[in-house]
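Below you'll find the structure, written out as structure tokens, and then a few comments.
Numbering (the numbering used here), first residue to last: 26 to 989.
See below:
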């Protein structure tokens, strides 16, 4: 936006006001006057508004303002300009003696910091600024306290926590912290007024204040204005971009800002136009379908529904495994982004492993978008171990830049070609990274938006400007759902487009998700229909404040009939059965509910089939081994045409729940422990997943019929008795409801198989509906299990609600106390994730090998990197920082210790023992891979003892834990 040149703040101020300082560097003694930082911040806010904020964010901020986006920009720039007015107070200014003396010489008397004592903490400069701006609006412009509060809270909250009412009242009782009593009080008041008057004139808001007085600013707009001011302040406070006096070159304010902005070089938001292709063409071009291939009915219907909604909203896509839900979601995201003005996409997944798998798919989709061809866009892999992902690490390396103001007279030298993706250096760290335009990451990053925590406004800005895709929606328990539903309520209020994906979503949960987003409006009967719908596949769509609509597309045509058989939980019986089934070759998947059962099963099967014919996969592998396991499974057992080395003879993969999600693997036979029916169906999705010849003729003859053996329970009892480990993981009620839903299929052979996808919805609803039928004789067992189940869910909901963000408040209600009684800072660490997941805090360690002579190395079997450099057996010296290659290789061997180490007494003992291997040389700035990590050293035989347990690790089997 081009404006006439203004005189600047300095020209509007008297000498005393020009002495007020805002920034000081104790190392160089450099400093910035407040007027200069005000100008810098306001200018940055204007540039952010014009070139960086997505269109939907600008529209939402401006929605309640008389002149729309013209007023929105004015308010954003003005609030950024005045955000540090609280530094023009004795409580702040007294902190640096020589700068305070300059102010005293100009008539601004103040006591020393020591004399003011701990009372200074009552007036942090954000709260002080809120008070001063509020007073100015009331006394100079006739605003009421409530009218002012919805704007001044932006100033009060610019350090991440909007003030609480008690803090506001406390400051009112300590007026000497805002203005020194005595003769200089009037000087303080005059200077504060000068600064605020100057900003009102300079940023063209004085003539708008009367029009804004009656505005009722939505709380969503208050949050976004706060976050915008925070971003502007962070950029303007970077001394490499905005140097301090006297080091700054002699140049105008405009030149200073231009040099900084060019040096920062923030990528613009994504700005797609609504696709003009029909759904078939859209899917084909965006995902590189081969000639002759067509979009699947679910994909086509999802695109058409998105286009018919009249604007962005929430869409729930329920369809079978392998029907292309991911592609449907991304196609819908492009349409939603064009309709809403969203500037990016966040794809939220259950785990780091699924996030890693999605990241390259997201990048490939972005590369095919016409709207990304001529502009740079920022991308992010959002989880705590993203730096170990090779694809993301490449982007970070290729995007390297120094964030520093540039010489405006020097020729432009673009650091990266237009149209490419960048992992921008400034968009790093837990507070800023999610501001990248395209993000794949764990669901935790979304749930954090519902957790009362410091800088929550930044998390809201990050998601409010994107289309949000939530994958595997069935995978989130009651505790996580408490946060997810509250986040959906805020996303609905923001008008954020959301796409929810699941193959196995209970109808009740579908209704809860839709109602959370839509809010209280809408026809009750329409929401009741959402819960009653039994069609499958099904698409459900709703806009905020409206009633939902549903569509029932067909499926792609190929289905699978799965014969179910209850099977004894006996290792010898299982071994003999698999020997019979695999006599002519074939690949079987055995899914166990605990790692202990995985390892016990693998040991028994290897004794019969040999080590080379049994593969183990579970969560207790070091990170690099876990990634290699997933890659190996995809390579050998993936789709025909892409898989290589599928075993021709008998082979068995024994896995935990890691086989359930986001792995496109295909087996001839499935054996699974009893589990909740939605997860059982996910496991069935790995059985005959792909066509192998006409009528599966390329499979071994006796395995051409899909069969699933369900074990992990005593089926001979009057009421099935699940094994203890499964009950500990899932609870008895979910297992019994699953067994009851499956009972009509057991022992029926080909007369009554589970027909996929037709039976998916009936099975889900039979297991989760409140009025589901009970098998004869099960009533007492189910009632007892239900009581415990309901108690556990109520406990989860109650505990989750303690730190859950409140509901969206009425328009005009200030955000005071928005995150009161919160958790403070939070991030993607084990402790942070435990706040939004109902799990104990896990111990994470870095696993290394200790030689007999006491020296340390990386694990010996690590494969070379892609350049052929050795990673296994590299020395990790104790007297200096290891080489970057060795340190990164060691860090790639992170391991989350199992539940045994999450109990308080065991964890305390384990940490004490692990800290005995403390390496001072690694705790330095240049050792970011290993600094602060707990190191678990295995002996030459890959064994050790920890907190009363024996630990054994192998590349093939991962971690095995037994009591000493």
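The beta carbon of each residue, even a glycine, is placed where N, CA and C say it ideally should be.
Going by other Cβ atoms of all chains shown within 10 Å of its Cβ, with 16 needed for buried, is residue 710 buried or exposed? buried
Inter-residue spacing [alpha-carbon to alpha-carbon] between residue 318 and residue 399: 29 Å
Residue range of the alpha helix (DSSP H) that includes residue 664: Taken as a continuous stretch (DSSP letters only), residue 664 belongs to no alpha helix (DSSP H), as it is neither H nor E.
What whole-angstrom Cβ distance do residue 380 and residue 465 have, given they're in contact under 8 Å? 5 Å
Helix, strand or coil at residue 174 [DSSP, three-state]: helix
Return helix, strand or coil for residue 944, following the three-state DSSP convention. coil
Would you mind reading off the limits of the alpha helix (DSSP H) that contains residue 385? 377 to 393
Using the Cβ count rule (16 or more neighbours within 10 Å means buried), how would you classify residue 598? exposed
Does the region 87 to 98 touch the region 261 to 279, meaning 3 or more C-beta pairs lie closer than 8 Å? no
Among all the DSSP beta bridges, which residues are the ones paired with residue 900? 882
With DSSP collapsed to three states, give me the class of residue 698. strand
Taking all protein chains shown into account, decide if residue 375 is buried (16 or more other Cβ within 10 angstroms of its Cβ) or exposed. buried
For residue 991, count neighbouring C-beta atoms within 10 Å of its own C-beta (all shown protein chains included) and say buried if the count is 16 or more, exposed if not. No information on residue 991 is available, as it lies outside the stretch 26 to 989 that the chain covers here.
Is residue 713 closer than 8 Å to residue 683 when the C-beta atoms are compared? no
Exposed or buried, residue 797, counting other C-beta atoms within 10 Å across all chains shown (16 or more means buried)? exposed
Let me know the beta strand (DSSP E) ranges lying completely inside the region 732 to 805, each 3 residues or longer, listed in chain order. 779 to 781
Decide yes or no for the touch test of the region 445 to 458 against the region 945 to 961: beta carbon pairs closer than 8 Å, at least 3 of them. no
Quick check: what's the CA-CA separation for residue 662 versus residue 559? 33 Å
In whole angstroms, give me the CA-to-CA distance for residue 43 and residue 101. 24 Å
For residue 747 versus residue 757, is the C-beta spacing smaller than 8 Å? yes
If you drop the 5 nearest sequence neighbours on each side, which residues of the same chain put their C-beta closer than 6 Å to that of residue 591? 735, 740 and 771
Given that a residue counts as buried once 16 or more other Cβ atoms are within 10 Å of its Cβ, and exposed if not, what is residue 964? exposed
How would you write the range of the alpha helix (DSSP H) that residue 224 sits in, first residue to last? 210 to 227
Have a look at residue 619 and residue 139 and give me their C-alpha separation to the nearest angstrom. 60 Å
Determine whether the beta carbon atoms of residue 616 and residue 697 lie at a separation below 8 Å. yes
If we call anything under 8 Å between Cβ atoms a contact, is residue 62 one with residue 126? no
Distance, residue 781 Cα to residue 811 Cα: 29 Å
What is the rounded straight-line gap between the Cα of residue 440 and the Cα of residue 391? A caution first: residue 440 carries a pLDDT of 46, below 50, which makes its placement in the model too unreliable to give a value.
Nearest CA to the CA of residue 907: which residue from 425, 387 and 954? 954
Might you give, ordered along the chain, the residues of its own chain that have their beta carbon closer than 6 Å to the beta carbon of residue 45, omitting 5 neighbours on each side? 59 and 113
For residue 320, name the three-state secondary structure that DSSP assigns. coil
Taking its Cβ as the centre, do 16 or more other Cβ atoms sit within 10 Å of residue 577, making it buried, or is it exposed? exposed
Is the shortest distance between the beta-carbon of residue 266 and the beta-carbons of chain C less than 8 Å? Within the model displayed, chain C is absent; a lone protein chain is all it includes.
In its own chain, which residues sit with a C-beta less than 7 Å from the C-beta of residue 377, not counting the 5 before and 5 after it? 408, 410 and 467
Compare the Cα-Cα distances from residue 824 to each of 869, 249, 476 and 290 and report the closest residue. 476
Kindly confirm or deny that the region 418 to 427 and the region 915 to 923 touch, where touching means at least three C-beta pairs closer than 8 Å. no
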